[in-house]
Amino acid sequence: MIKLFLLCIALLVAGPAPAASPALAASGTEADYPLRPIRLIVNSSPAGPLDIAARAIAQYAGKLMGQTIIVENRPGASGNVGAKAVAHAGPDGYTLLMTLDTLMTVNPHVFKGPEAAFIPLLEPLGIAGSFGLALAVRADLGIATMEQFLHYAKTNAVTYSSAGYGSPGNLAFEKLKLATGAQVAHVPFRGSAGAVNALLGNQIQAGFLAASALRPHVQAGKMRALAVSAREPDPDLPGVPAMAQLGIESLKDFHAAFAFLIMAPQGLPPAIARKWDDSLAAVYVMPDFLRSISSLGLGAPLGGSGEAKQWVATQIENWADVVKSAGIHGQ
Numbered sequence: 001m002i003k004l005f006l007l008c009i010a011l012l013v014a015g016p017a018p019a020a021s022p023a024l025a026a027s028g029t030e031a032d033y034p035l036r037p038i039r040l041i042v043n044s045s046p047a048g049p050l051d052i053a054a055r056a057i058a059q060y061a062g063k064l065m066g067q068t069i070i071v072e073n074r075p076g077a078s079g080n081v082g083a084k085a086v087a088h089a090g091p092d093g094y095t096l097l098m099t100l101d102t103l104m105t106v107n108p109h110v111f112k113g114p115e116a117a118f119i120p121l122l123e124p125l126g127i128a129g130s131f132g133l134a135l136a137v138r139a140d141l142g143i144a145t146m147e148q149f150l151h152y153a154k155t156n157a158v159t160y161s162s163a164g165y166g167s168p169g170n171l172a173f174e175k176l177k178l179a180t181g182a183q184v185a186h187v188p189f190r191g192s193a194g195a196v197n198a199l200l201g202n203q204i205q206a207g208f209l210a211a212s213a214l215r216p217h218v219q220a221g222k223m224r225a226l227a228v229s230a231r232e233p234d235p236d237l238p239g240v241p242a243m244a245q246l247g248i249e250s251l252k253d254f255h256a257a258f259a260f261l262i263m264a265p266q267g268l269p270p271a272i273a274r275k276w277d278d279s280l281a282a283v284y285v286m287p288d289f290l291r292s293i294s295s296l297g298l299g300a301p302l303g304g305s306g307e308a309k310q311w312v313a314t315q316i317e318n319w320a321d322v323v324k325s326a327g328i329h330g331q
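Numbered by UniProt numbering, the letters in the sequence shown go through residues 1 to 331 in order.
If you want it as structure tokens, here you go:
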């Protein structure tokens, strides 16, 4: 299944399929898209970061296209429930998916056989930005640097929280364990709010969490942010370095970033894909749109199908060893 998925991605990165036949082009069906409302399925619960980004895109892209984009939440099974509905829809541009990139970059390593058969039936249509996480610890531990945390983990029992198996926080911490050999136990919660509250409530000692969620607690002195998992520092946490900037040999290449993707059923006509490329390019430079997603901490890349396909092709390889080492499996 992984080989089949990588082959599909390679074909996608190579470029679009040949142009439609003259008879199809003459019909004007693709050129007139969209002629009716578009359904954008979000494979997570309402009011979360993915949902907020999807609704902002629906609002601004819908205005540009002259059609309503209806957001529908269909969470469950690590995002597979909503994704399957889109994968088996017609490739006409009227049923699309908004998803965390782990659907395409981690789930192929986690789910096997029939559970993952739908994944190659999806193709990236756009990327709504990437984000890293910050490693935070309880303030009462007296830890101020990553070096101190790694030393502490060698001599003390440490547990970390995440939003669940296969979530960004789980993946980032397992990548840290793989890089440093730190022995830290995972305590999964349902959703990011539970992971943050566990740290605030002194139930666990650490966690890779969203910088925007950590900022008020760091400012209040309840948590300390030690480092950021992405290649660059996060503006939400001024003064907190990126892992690769710490000067720790085992972390010099550390990079754990995630993205929000817009996906379509495979086989979307090139004219419709170009319509989305053009629309997203216009949306992502609108000041009002950027303000509407500013609280999500999203950064570059923001872009169309080319950027999204390249992101997936790169990240699926990045997570293979982490998933295997951590024994992450479908829930």
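A virtual CB, placed ideally from N, CA and C, is assigned to each residue, including glycine.
These figures come from a predicted structure and were not determined experimentally.
CA-to-CA distance, residue j to residue i, given in whole angstroms
i	j	result
residue 184	residue 230	21 Å
residue 329	residue 165	8 Å
residue 259	residue 213	17 Å
residue 44	residue 80	10 Å
residue 236	residue 219	11 Å
residue 176	residue 63	43 Å
residue 113	residue 99	21 Å
residue 271	residue 90	15 Å
residue 221	residue 249	29 Å
residue 208	residue 240	13 Å
residue 255	residue 107	19 Å
residue 169	residue 267	33 Å
residue 84	residue 217	37 Å
residue 46	residue 74	9 Å
residue 322	residue 55	32 Å
residue 167	residue 111	14 Å
residue 59	residue 69	7 Å
residue 257	residue 150	21 Å
residue 301	residue 33	26 Å
Residue i classed as buried or exposed, judged by whether at least 16 other C-beta atoms fall within 10 angstroms
i	result
residue 30	buried
residue 200	exposed
residue 288	exposed
residue 37	exposed
residue 147	exposed
residue 180	buried
residue 309	buried
residue 224	buried
residue 21	Summary for residue 21: the model assigns pLDDT 36, below 50, so the residue's position carries little reliability; its value from the coordinates is reported in the next sentence. By the neighbour-count rule (16 or more Cβ atoms within 10 Å), residue 21 is not buried but exposed.
residue 190	exposed
residue 35	exposed
residue 325	exposed
residue 285	exposed
Cβ-heavy atom distance, residue i to the ligand COA, below 7 Å
i	result
residue 96	In the structure on display, the ligand COA does not appear, and there are no ligands present to speak of.
Rounded Cβ spacing between residue i and residue j (contact assumed at less than 8 Å)
i	j	result
residue 129	residue 299	6 Å
residue 332	residue 198	Coverage of the chain is limited to positions 1 through 331, which leaves residue 332 absent and any answer about it impossible.
residue 204	residue 159	4 Å
residue 290	residue 101	Not really, about 20 Å apart at Cβ, beyond 8 Å.
residue 93	residue 264	7 Å
residue 127	residue 307	5 Å
Enclosing beta strand (DSSP E) for residue i [first to last residue]
i	result
residue 129	122 to 131
residue 161	158 to 162
residue 184	184 to 188
DSSP beta-bridge partners of residue i
i	result
residue 69	38
residue 135	208 and 227
residue 283	DSSP output for residue 283 lists no bridge partner at all.
residue 96	40
residue 260	100
residue 299	130
residue 242	228
residue 216	DSSP lists no partner for residue 216.
residue 265	122
For residue i, the first and last residue of its enclosing alpha helix (DSSP H)
i	result
residue 149	146 to 155
residue 81	80 to 87
residue 321	320 to 326
residue 174	168 to 180
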